[in-house]
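Some notes on the structure that comes next.
Residue numbers (this note's numbering), protein chains in the order written: chain A, 1 to 341; chain B, 1001 to 1341; chain C, 2001 to 2341.
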């Protein structure tokens, strides 16, 4: 399926610099593009590739448009415009409505006629599957779970504990939603399990990466608001709240009952301790440990870049002797004060 | 199902301050409770919610009992007592014994008549499933695996390599037990796989959180002793030993052949290098790197809390110049010693 | 199945010191070995166990051979030689070719007659399964995926997005290959999904540990070269490139578009930010944050070992006051320069 540049310009509100009759069918990187491809330049890091590109057209902003050797679709937000055009050119495989004969559907589950259920998926008692929702092969949908319209659950997703998903939620393989939170009461040298009775509520347009886990609440619910994007291998503990449009990179761990505001950006492998309150519009850079609530928007950091090992060993040695160094400075100060020159 | 406060007091050994005929049917947080609910106060953090609670009864200790506006079940360990009452009020769905027609059971597997096996589960040759054990939908139980009585494997759990589980083990979705350990011998510029031949032994009353992985031993076994509680997304390498009643929070990684004692508490995202020996009763706080054996009980830490990014950048810069700072102090000391005032 | 020491010596190119008629059938640790077992000594850490071993034969190097109380197979690389002999003695369960009756195979998939497919596996349209490849129970192989000859996919592996696997790739349970990368364009306060259109290419002899995730490329492919070994719970983002024979320990996260060279060794829980270039032969020790490209082979570190909590708190306090300490040193220097003794 190919589209004329003139049609793309109209459909996506871009200024076209070039021949409106030219057609594109695929997207490509500036470096790899050939005739018939659409490329884009959003990250100035890739500007050097623009001059030599063989793409038919490039999506970029006004500042870079003049540098293009080929036609340009000028957009104030070239990355978002590229994303929309790419979705048009590459719509993904069509999935026919209907239930695969090998899937196991409880008679009390209710599936929209337009929904699809893949091979060897399990839909439990009382589950609801919304219009046009696609449940991939091997997914396990537990009792009373509600999947909203137009959701896409790729292969091997597990949703239990009566969790509810809003519309257009996308979930990648290996995700677990609704597992028990980690709650144990110390009791005479052992641990008594605290029943985990809450659920998980996920808003519209949330995306959840492969092998991420989201625990059910202990009493109330764990809540992921609309538009949140979670990368792979994230751990969301019981009763966490994540505000709308927050994005969280891979390998982050969020401990129980912590609230994260809206529009936050959490970098990879960040750890956030429990019972904190992170306000809206906070950015945390990768590998930071957040151990106190954050009440002011801004950027927070806690990671120390690696160094060649011999230098690092000396620095760690110095760090471990900081007490002694401070004491030496104090002695110098005292000595100088007692004996002013 | 509801219970009279008088019955709860007798059954759980609490002093009741209030009307023994009052009845409760659900648990709730102090803030959300309504009439007919039981709340609890164990963490003083939530004390401000006590005065306004509308719960029918609150479980708390003697020190807080006087502050309650409603009936109180007084317990020396209110969190554990709450946990037991919650399990009574909310027993979870009953699962009928029997094997779902879609499950695939090898003829040589032996299942207790009281066990249950969910939809599309696989039970391999020679596997043993104990009395009242519940194997959820989509679980994969490999050759020769033994599952103890009263175990609960939620959906999508994989147990292979002839692993053995004691009684009452609970395992959450996505857990993998018995995967190969990471063993490769360097050999002429490439890596030769070292066969992983051991198994995994898991004691009674262990709980294992979603997507946690426990590798089989290289020669001997990986061992998780009774009463251990593992949170989500923990990695336990080959031949690790974890002593009884140790609890480990999410995202921890434990490298091969390390031994962790009994009753330890390991915080989230801690990393523990291989071949170490951690004694009993050690606490490690979140995001620490444990790179040496620990021979004395106590609390160990290694994480540095995040700061606003501009401050953090200056601190990291100072850290990277610690060598130079120490050298400047040394010069001052020398200069002052050479020229005593 | 047992083998004579004389035969092992010939087959694996070792010098035999002892009776060539003695036979061994199993491997064991030096400490646990009994008659009929083969032990090995590669790590000098275990040398103290050699004198008392009851193994029939020990594989070790020339330097340790004289210390053995029993027969010795002398090898310049005893760990690799042990690995090969262990694979001979313990070949693993034979798996008959053929497709389990409960597996769901799309009619357009092409399976070699010598391949095997386990219970309740799903093979999608157009997938290719090579000679002698073994697809374990519960595996989900998506549309157009190509699995090379002699691959071994243990239970519950998901491969989608048209990924291609070379020969002899081994994948452990819970692995996800081909999930969408984390790509979203900021757009008027929300996030527009950037279609993930690339695939994953995995070379020959790669091994991938349990619950590791490898995302498909955004436009081009994510590439894992031949001989790479990945441990459990690693996250490989879109368009990452990992060079041949690199080994990566558990819990590592690699951000998008980063290139890692050949023969690198990455320690556990390392985090590597995106768009970096790590050259060949780089070693990164555990829990380091790599935030800049590395252009020179060598060892790099970034982790700080944990300490007893009271000491650690003081050190962190000192660290957080490094600015002030440096200022005090500067004041001393100024004062001493103004007032030379």
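Glycine included, C-beta positions come from ideal geometry on N, C-alpha and C. Remember, predicted model here, so these are calculated numbers, not experimental data.
Quick one: which chain B residues come within Cβ less than 7 Å of residue 290 of chain A?
What residue 290 of chain A touches in chain B: 1306.
Are the beta-carbon atoms belonging to residue 1239 of chain B and residue 335 of chain A less than 9 Å from one another?
no
So, at 7 Å on beta carbons, what are the nonlocal neighbours of residue 2046 of chain C in its own chain, with the 5 sequence-adjacent residues on each side left out?
2030
Is it a yes or a no for the segment 1285-1296 of chain B touching the segment 2297-2310 of chain C, going by three-plus beta-carbon pairs under 8 Å?
yes
For residue 2082 of chain C, report the span of its alpha helix (DSSP H) as first-last.
2078-2089
Flag this pair as touching only if the segment 2278-2286 of chain C and the segment 2259-2267 of chain C have three or more C-beta atom pairs under 8 Å; answer yes or no.
Segments in contact, yes.
Three-state secondary structure (DSSP) of residue 2098 of chain C:
strand
Within this structure, are the beta carbons of residue 1058 of chain B and residue 1050 of chain B separated by less than 9 Å?
yes
Could you give the residue range of the beta strand (DSSP E) that holds residue 2201 of chain C?
2200-2202
Helix, strand or coil: how does DSSP classify residue 1233 of chain B here?
Here residue 1233 of chain B carries a coil assignment [DSSP, helix/strand/coil].
So which residues on chain C does residue 1249 of chain B lean against when the C-beta distance must stay under 8 Å?
Those do not exist, as residue 1249 of chain B stays about 14 Å from chain C at its closest Cβ, beyond 8 Å.
So, residue 178 of chain A versus residue 158 of chain A, is the Cβ gap smaller than 9 Å?
Taking the C-beta atoms as reference points, residue 158 of chain A is found nearer than 9 Å to residue 178 of chain A.
Closer than 8 Å by beta-carbon distance: list the chain A residues that pair up with residue 1084 of chain B, in chain order.
192
Check each residue of the segment 2087-2110 of chain C: if its Cβ is closer than 7 Å to any Cβ of chain B, include it; give the result in chain order.
2087, 2090, 2093 and 2102
Less than 9 Å between the beta carbons of residue 1138 of chain B and residue 2138 of chain C, yes or no?
Going by C-beta atoms, residue 1138 of chain B is nearer than 9 Å to residue 2138 of chain C.
Which same chain residues end up closer than 8 Å to residue 1021 of chain B when comparing Cβ atoms and leaving out the 5 residues on each side of it in sequence?
1004, 1005 and 1006
Indicate whether at least one CB of chain C lies closer than 9 Å to the CB of residue 1276 of chain B.
no
Using the three-state DSSP reduction, which class does residue 1167 of chain B fall into: helix, strand or coil?
coil
Beta-carbon within less than 8 Å of residue 2268 of chain C's beta-carbon, same chain only, minus the 5 sequence neighbours each way: which residues are those?
If we look at residue 2268 of chain C and ignore the five residues flanking it on each side, its Cβ neighbours are 2231, 2249, 2250, 2251, 2252, 2286 and 2287.
Given that residue 216 of chain A touches chain B, what residues does it touch there, using C-beta distances under 8 Å?
Going along chain B, no residue has its Cβ under 8 Å from residue 216 of chain A, so there is no contact; the nearest lies around 10 Å.
Quick check on this structure: which residue in C:2308, C:2205 and C:2163 has the alpha carbon closest to the alpha carbon of residue 2152 of chain C?
C:2205
Under 8 Å (Cβ pairs) to chain A, residues found in the segment 2234-2246 of chain C
Residues 2235 and 2237.
Delimiting residues of the beta strand (DSSP E) encompassing residue 317 of chain A:
Segment 309-320 is the alpha helix (DSSP H) holding residue 317 of chain A; no beta strand (DSSP E) there.
Below 9 Å between beta carbons is the criterion; list the residues of the segment 1122-1144 of chain B that meet it against any residue of chain A, in chain order.
1136, 1137 and 1138
Looking at the structure shown, is residue 1022 of chain B part of a helix, part of a strand, or coil, going by DSSP?
Coil at residue 1022 of chain B, not helix or strand.
Given this structure, state the Cα-to-Cα distance separating residue 282 of chain A from residue 2194 of chain C, to the nearest angstrom.
23 Å
Which residues in chain A sit within 7 Å of residue 1120 of chain B, going by Cβ to Cβ distance?
104, 120 and 122
Span of the alpha helix (DSSP H), counted from its first residue to its last, around residue 1006 of chain B
Looking at the DSSP string, the run of the alpha helix (DSSP H) that includes residue 1006 of chain B is 1005-1012.
CA-to-CA distance, residue 2009 of chain C to residue 2070 of chain C, given in whole angstroms:
15 Å
Among A:52, A:78 and A:27, which residue has its Cα nearest to the Cα of residue 13 of chain A?
A:78
Only counting runs of 3 or more residues, tell me where the beta strand (DSSP E) segments fall wholly within the segment 1235-1302 of chain B, in order along the chain.
1282-1284 and 1298-1301
Burial state of residue 113 of chain A (16 or more Cβ within 10 Å):
Residue environment analysis places residue 113 of chain A among the exposed positions, since fewer than 16 neighbouring C-beta atoms fall within 10 angstroms of its C-beta.
Under a CB-based cut-off of 9 Å, is residue 332 of chain A close to chain C?
By this cut-off, residue 332 of chain A is an interface position.
Straight-line Cα distance separating residue 2122 of chain C from residue 100 of chain A
12 Å
So which residues on chain B does residue 179 of chain A lean against when the C-beta distance must stay under 9 Å?
1154, 1172, 1173, 1174, 1209, 1210, 1211 and 1232
Note down the Cα distance separating residue 140 of chain A from residue 82 of chain A, rounded to an integer number of angstroms.
34 Å
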